[in-house]
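Chemist: Sequential numbering of the sequence shown, starting at 1294, is according to this note's numbering.
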Amino acid sequence: MLDKKIRTRLIEIVGEAGLKEGEAVEGYSIDGLLPRAVLFPRTPEEVGQIIILALEEGLTIIPWGGGTQMGLGALPSHVDFVVCLTHLDRILDQDHENMSITAEAGIRLAAIQENLRHVGPGFFIPLDPPCAEEITLGGAVATNASGPSRFMYGTLRDLVLGIEVVIPEETCKGKKIHAGGKTVKNVSGYDMSKLYIGSLGTLAIIVEVTCRILPLPEDRATVMAGFPRSEAPWACAQALLESQLLPTSIEICNRETTSLFFKHATPSVEEEAWATVGLQGIKEAVEREIQEIEKLMRSEGATKFSILRGSKEVDYWKQVGRLGLEVRDTGVRSIGLKVSVPISMAQKISNTIAEKGVKINVPFYQLSHAGSGIVYAHIPLYEGLYKEREETLTKIVNALREQVLEMGGSLVVEYAPPPFKERVDVWGGLEGVFPIMERLKREFDPGTILNAGRYVGGI
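(1) Since P1441 contacts H1662 with CB under 8 Å, what's their CB separation in whole angstroms?
(2) Measuring alpha carbon to alpha carbon, tell me which residue in G1341, D1388, L1409 is nearest L1378.
(3) In angstroms, rounded to a whole number, what distance separates the CA positions of L1509 and A1425?
(4) In angstroms with no decimal places, state the Cα-to-Cα distance between A1530 and D1382.
(5) If you check the beta carbons only, do T1515 and E1606 fall under 8 Å apart?
(6) Would V1690 and V1705 be called neighbours here (beta carbons separated by less than 8 Å)?
(7) Taking DSSP as the reference, what is the three-state secondary structure of E1593?
(8) Could you tell me the alpha carbon to alpha carbon distance between R1302 and V1412, rounded to whole angstroms?
(9) If I follow the unbroken alpha helix (DSSP H) through L1630, where does it start and stop?
(10) Within the continuous alpha helix (DSSP H) that includes N1616, where are the two ends?
(11) With H, G and I counted as helix, E and B as strand and the rest as coil, what does DSSP make of S1322?
(12) If you draw a straight line from the alpha carbon of S1492 to that of L1618, how long is it in whole angstroms?
(13) Pairs of beta-carbons, one from the stretch 1634-1644 and one from the stretch 1692-1705, closer than 8 Å: are there three or more?
(14) Just confirm the distance between the C-beta atoms of D1714 and A1435, as a whole number of angstroms; I'd bet it's less than 8 Å.
(15) Can you tell which of M1392, L1409, R1716, K1597 has its C-alpha closest to the C-alpha of I1628?
(16) Return the residue from the list V1668, Y1321, R1329 that minimises the CA-CA distance to G1358.
(17) What residue does the beta strand (DSSP E) around T1395 start on, and which one ends it?
(18) Check A1564 in the structure and name its three-state DSSP category.
(19) Can you tell me whether DSSP reads T1541 as helix, strand or coil?
(20) Going straight from the alpha carbon of M1363 to that of K1588, what length do you get?
(21) Looking at the unbroken beta strand (DSSP E) that takes in Q1387, where does it start and where does it end?
(22) Taking Cβ to Cβ, would you say G1311 is nearer than 8 Å to L1327?
(23) Here's a check: name, in chain order, each residue in its chain whose Cβ is nearer than 6 Å to the Cβ of A1528, leaving out the five neighbours to either side.
(24) So what's F1657 in DSSP terms, helix, strand or just coil?
(25) Is there contact here, the stretch 1733-1751 with the stretch 1395-1409, by at least three beta-carbon pairs under 8 Å?
(26) So which of L1488, E1695, A1578 has the shortest CA-CA distance to G1537?
(27) Looking at the unbroken alpha helix (DSSP H) that takes in S1552, where does it start and where does it end?
(28) Give a yes or no on contact between the stretch 1341-1354 and the stretch 1720-1732, applying the rule of three or more CB pairs nearer than 8 Å.
(29) Please state the DSSP three-state secondary structure of T1379.
(30) Give, in chain order, every unbroken run of the beta strand (DSSP E) that is at least 3 residues long and sits entirely within the stretch 1445-1496.
(31) Where does the unbroken alpha helix (DSSP H) through M1261 begin, and where does it stop?
(32) Rank P1423, G1664, E1565 by C-alpha distance to the C-alpha of E1535 and give the top, closest one.
(33) Which two residues bound the contiguous beta strand (DSSP E) that contains F1520?
(34) Could you name the residues of the same chain whose beta carbon sits closer than 6 Å to that of P1422, not counting the 5 residues immediately before and after it, in chain order?
(35) Tell me where the beta strand (DSSP E) around T1436 begins and ends.
(36) Going by beta-carbon coordinates alone, are F1520 and E1585 separated by less than 8 Å?
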């Protein structure tokens, strides 16, 4: 419940329509904790006023965009306000001559992409994060969310040119701070815009972002192949990495994952593993690459082969982006892991994850960005099965993290039931740099009001 004074001030800031409380906040829980109020600011200035109020009253804030990434992070220490940015949804500038777009943080990425399609010859932000239809621009930046096409285009750290934030730092509290600009080389001194990317809203609330854009490719296609041996797709991926071909993405799925993608297909998926290669470019180049990739895949023993174009290709990549949601719908106590290792180690860690699933008789849905060294493992568990496997799963995650760290990589628990988050460090492996991160947090957020407890080491 809000006391009368705070409620009055909030209404002065966002209006009655911009304030939700009571039963209306139930759709905004974070790891089971409900906020006292959900606020919908319409301008960066209103965001600043909310931050000032929170500092004065010792209240905590959790920023919220499309809600697709809210499972990420440790358990919050406290939740007073959720600040939902979906009313900050304007495109502020489209500069296709300088290949950039500036938009407010609450706009959906899909809305930006649809708008860019109709600008001049057609443009796009080369980004395909999970839940790309629902994720907001600010949410993607705050979590550094990326997808399969990072293999060709990089991540948001490569795409963001400038950023505006509202910070609770003592000398600037509640004010907009700008970093970066509208050109690729635009920074004298420290590139502060990079600091906010992937910071989970623990240093500032992102209100505006400027990104690079590219012309839409003339042609695109996706090549899929199924293999009876789990090691065959990895051999294909390695051959592609060593070739002169330029795929947009190289993905490897196990049978469980592909079956989930094709759950309405007939016949059922029988192949042990699948490789999927995304292609974009001029038509002649795409056609040539299809032929060469088909030849390569068949030489590694592919028993099923198909080429996706048009709506079928678009729908397939949407399914890839929604894998985590699909698994969470399958099991109410599901766990999602993101493992990042050197590219040469990805197959080994993928095999280890598969072996762990077999040992406890639980399907691990795997999806690997084989060209980037990233392996996702989604573990669906029902209530009873979770309680039965909780201790074993804790040991599995800790053992996997130890192995991954020895490889020079990292393991992040991207979502999990709150009881599991109490048992494991969802971030892990950052002991060497943690004191510096802790000092940054104290400097930018001295009142610890932003996403308190949810980032590395509980900062």
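For every residue, glycine included, the Cβ atom is placed at its ideal position computed from N, Cα and C.
Modeler: On the basis of the supplied data:
(1) Contact between P1441 and H1662 holds: their C-beta atoms lie close to 6 Å from each other, under 8 Å.
(2) Of G1341, D1388, L1409, the residue nearest in Cα terms is G1341.
(3) Their backbone Cα atoms lie some 17 Å apart in a straight line.
(4) Looking at the two C-alpha atoms, the distance is approximately 39 Å.
(5) Yes, they are a contact pair.
(6) Not a contact, by the Cβ cut-off of 8 Å.
(7) Coil at E1593, not helix or strand.
(8) Their Cα atoms are separated by approximately 42 Å.
(9) Per DSSP, L1630 lies in no alpha helix (DSSP H); the unbroken beta strand (DSSP E) holding it starts and ends at 1628-1633.
(10) Asn is not the amino acid found at residue 1616; the sequence shown has Leu there. In the DSSP assignment, L1616 falls within the unbroken alpha helix (DSSP H) covering 1616-1623.
(11) Three-state DSSP puts S1322 in coil, outside helix and strand.
(12) Cα to Cα, S1492 sits roughly 23 Å from L1618.
(13) Yes, the stretch 1634-1644 is in contact with the stretch 1692-1705.
(14) One detail in the question is off: residue 1714 reads as Lys in this sequence, not Asp. Rounded, the Cβ-Cβ distance is 19 Å, inconsistent with contact.
(15) Answer by Cα proximity: R1716.
(16) For the residues V1668, Y1321, R1329, the minimum Cα distance to G1358 belongs to Y1321.
(17) Its beta strand (DSSP E) spans residues 1393-1397.
(18) The sequence given here places Glu at residue 1564; Ala does not occur at that position. E1564 falls in the coil class under three-state DSSP.
(19) In the structure shown, T1541 sits in coil (DSSP, three-state: anything other than H, G, I, E or B).
(20) C-alpha separation (whole angstroms): 42 Å.
(21) Per DSSP, Q1387 belongs to the beta strand (DSSP E) from 1384-1388.
(22) No, Cβ-Cβ distance for G1311 and L1327 is not below 8 Å.
(23) Closer than 6 Å at Cβ, skipping near neighbours: E1593.
(24) Residue state, collapsed to three classes: coil.
(25) No: fewer than three Cβ pairs fall under 8 Å.
(26) It should be pointed out that residue 1537 corresponds to Gln in this sequence rather than to Gly. It is A1578.
(27) For S1552, the uninterrupted alpha helix (DSSP H) segment begins and ends at 1548-1554.
(28) Because the criterion of three Cβ pairs below 8 Å is not met, the stretch 1341-1354 and the stretch 1720-1732 do not touch.
(29) Here T1379 sits in coil by DSSP.
(30) The qualifying runs are 1453-1460, 1468-1473.
(31) The question about residue 1261 has no answer, for the chain in this structure spans 1294 to 1752.
(32) The candidate whose alpha carbon is nearest that of E1535 is G1664.
(33) From DSSP, the beta strand (DSSP E) with F1520 extends over 1512-1520.
(34) These residues qualify, in order along the chain: I1428, A1433, A1438, S1439, G1440.
(35) Under the DSSP assignment, T1436 falls outside any beta strand (DSSP E), being part of the alpha helix (DSSP H) whose first and last residues are 1430-1436.
(36) For F1520 and E1585, no; Cβs fall outside 8 Å.
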